[in-house]
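Below is one structure, written out as structure tokens; comments come after it.
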Amino acid sequence: MKKSGNFSRQYRAEKQKLRRRFVWLCPLAFLGILFLWLTWSLRTSDARTLAQGYTTLFYQLPLVNSIMMPILLAVIASRLCDMEIKGHTLKLLYTLQKRNSFYHCKFFFGVRYLILYLTGEFLLVLLMGKLFSFTEPFPVQEGLLYVLTSLVTGMIVLSIQQTASLLSDNQIFPLALGLAGSFLGLFSMFFPKAVSLLVVWSYFAMFTPIGMNWDPQTRIIEYYAIPFPTLHFLLFCLMGILLYFAGKYLFSRKEV
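For the sequence shown, the numbering used here assigns the number 790 to the initial residue and increments by one for each residue that follows.
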């Protein structure tokens, strides 16, 4: 039987499989948690905080993402992949679909949910500005850099989680990996620089476009834009591409 190589046909088939999986509830649930946290953290904002409200959020959100997004992406990858793993249907699928196209299609759907979450985050930032009447003009460049770096880092983490989910017969390990990534992403900020560079999950916070100065005497916090590490980012993208194809290779070698 001829294997399907038509991506649009595979896309429709994958969409049908996910119709009753309600994977979209995962990013929406995390956005709900983020909304509650943002409203709580801004509830006592003074005039100084409102004058730098957007930069405050773009400083804090990368730190929040380093905690929340590894878990979110682990759940999304698990929900996307566990149907074939639990149902032991990979051998049957491979008579109709190429392994590589199967891997690509799963990743494409995972990126869709990642984009949904990041779009929601961006809209929440704008919503907070309206609800709490930020007096600061919206920093367009920093906002776009935040979305770009979060998307790229999220895609790389998603590829790792997808590979773990497809290689594991039990989804406990991939979910535990996401939880471990959350802790590593948070505590890597206290690691030596050379060590934190090796922790993929740390890049959610590492590429933050905003820096902070805190005066211990006046207890005043000032936020400022920092130069973007373009070369470092490009090398990180290259590493992500290598990790993606390494994951695809490992999956293609899996016995079913």
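In this text, a Cβ means the ideal position worked out from N, Cα and C, and glycines have one as well.
ask   = What's the C-alpha gap between M978 and C1026?
value = 21 Å
query = Under the rule that 16 or more other beta-carbon atoms within 10 Å means buried, what is S797, buried or exposed?
reply = With fewer than 16 other Cβ atoms within 10 Å, it is exposed.
key: Boundaries (first-last residue) of the alpha helix (DSSP H) holding M995   = Per DSSP, M995 is one residue of the alpha helix (DSSP H) stretching across 992-995.
query = DSSP on D871, reduced to helix/strand/coil?
reply = helix
query = With C-beta atoms as the reference, is I865 less than 7 Å away from S971?
reply = no
Of the residues L839, C815, S939, the one placed nearest M995, counting alpha carbons only = S939
ask   = Taking the alpha carbon of I856 as the point to measure from, which residue in E931, C894, G967, L956 has its own alpha carbon closest?
value = G967
request  = Taking A1014 and E931 to be in contact with their CB atoms under 8 Å, please state how far apart those CB atoms are, rounded to whole angstroms.
outcome  = Correct: roughly 6 Å between the Cβ atoms.
key: Contact check, M858 vs G943, beta carbons under 7 Å   = yes
ask   = What does G1000 pair with, by DSSP beta-bridge criteria?
value = Y1013
inquiry  = Here's a check: name, in chain order, each residue in its chain whose Cβ is nearer than 6 Å to the Cβ of S991, leaving out the five neighbours to either side.
reply    = G974, S977, S985
message = Applying the 10 Å Cβ sphere with the 16-neighbour rule, what's the burial state of K804?
response = Here K804 is exposed, its C-beta having fewer than 16 other C-beta atoms within 10 Å.
task = Count the other C-beta atoms from every protein chain shown that fall within 10 angstroms of the C-beta of Y800, then say buried if there are 16 or more, exposed otherwise.
result = exposed
request  = Could you tell me which of E925, M872, T844 sits nearest to Y1012, measuring between CA atoms?
outcome  = T844
ask   = Count the other CB atoms within 10 Å of the CB of P816; is the residue buried (16 or more) or exposed (fewer)?
value = buried
message = Check whether the region 906-920 and the region 948-967 are in contact - that is, three or more C-beta pairs closer than 8 Å.
response = no
key: Whole-angstrom distance between A802 and Q886, CA atom to CA atom   = 11 Å
query = What is the C-beta distance between R868 and R808, in whole angstroms, given that I count them as a contact (C-beta under 8 Å)?
reply = For R868 against R808, the beta-carbon gap comes to about 13 Å, at or over 8 Å, which does not count as contact.
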